[in-house]
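Below is one structure, written out as structure tokens; the observations come after it.
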Amino acid sequence: MRHITLASGESVEVECLSCALVNGLIAPEGGVIVETEYFHAHQDVAYPVPGLVILASKRHLKALDELTEAERLDYISILSKIRKAQREVLGIESVYYFYNEDTTHHFHTWMVPRYEWMYQFGRSVESVRPVLLHARNEMNGGQHIAEMTKAIAVLTKALNRES
Ligand SMILES: [Zn+2]
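So for the sequence shown, the working numbering puts the first residue at 47; every next one is plus one.
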């Protein structure tokens, strides 16, 4: 069990933080970017990289092969829509996707956009960890937060247009 404090100041115990988040018990900082029947997308604001998206299943599960057929279709569909919005409204040319089954965590996919400044940490997948540490430790202020907040807003708008 984990102890969390709600925006109201009320304190509750939850078994899984992601479950509490995707089911609306707690609101993600920065807000919900988009929600479908089976998935929920938000930015992990601890990593202020504009357009970085966490896509989590609403059901508590760990591995990809636990998804039902309906969840699988919903997953690839929303993943693609988010990717398209990143390209169209944020100009993001490349994205790293990863998720990890080797944890006790709830199923979630990281979508980490590639930016020019990341080349100082290498060219490919080996750069992702130092990039995220850099974002968390060195970008947690002023302009970076403002850029991230703006990116969340434009992605949210693009993904919730009536189609
Ligand atoms: Zn969970």
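Here a beta-carbon is modelled for each residue, glycine too, at the ideal position from N, C-alpha and C.
Buried or exposed by the 16-neighbour rule on C-beta atoms within 10 Å, applied to residue i
i       : result
His-49  : exposed
Ser-140 : exposed
Val-177 : buried
Thr-51  : exposed
Ile-122 : exposed
Thr-202 : buried
Spatial distance of residue i from residue j (CA atoms)
i       : j       : result
Tyr-145 : His-151 : 10 angstroms
Glu-31  : Val-78  : Beyond the ends of the chain as shown, which are 47 and 209, falls residue 31; an answer cannot be given.
Ala-204 : Leu-98  : 15 angstroms
Leu-125 : Val-68  : 16 angstroms
Lys-127 : Gly-70  : 22 angstroms
Glu-193 : Asn-206 : 20 angstroms
Glu-117 : Ala-199 : 26 angstroms
His-106 : Arg-182 : 26 angstroms
CB contact check: residue i to chain D, cutoff 9 angstroms
i       : result
Lys-127 : Within the model displayed, chain D is absent; a lone protein chain is all it includes.
Assigned secondary structure, residue i (DSSP; H/G/I helix, E/B strand, else coil)
i       : result
Met-157 : strand
Val-171 : helix
Glu-81  : strand
Leu-178 : helix
Glu-59  : strand
Leu-201 : helix
Own chain, CB closer than 6 angstroms to residue i, minus 5 neighbours either side, in chain order
i       : result
Val-91  : Glu-75, Gly-76
Tyr-142 : Val-158, Val-174
Ile-191 : Pro-94
Ala-66  : Val-60, Ile-72
Ser-64  : Ala-102, His-152
Beta-carbon contacts of residue i that lie in its chain and below 8 angstroms, excluding the five residues immediately before and after
i       : result
Ile-100 : Ala-87, His-88, Gln-89, Asp-90, His-154, Thr-155, Trp-156, Met-157
Met-164 : Ser-173, Val-177
Sequence-distant residues of the same chain with beta carbon closer than 7 angstroms to residue i, five excluded per side
i       : result
Ala-197 : Pro-96, Gly-97, Leu-136
Could you name the residues, in chain order, whose CB is less than 5 angstroms away from a heavy atom belonging to ligand 1?
A Cβ closer than 5 angstroms to some heavy atom of ligand 1 marks a residue here, and those residues are Cys-62, Ser-64, Cys-65, His-106, His-152.
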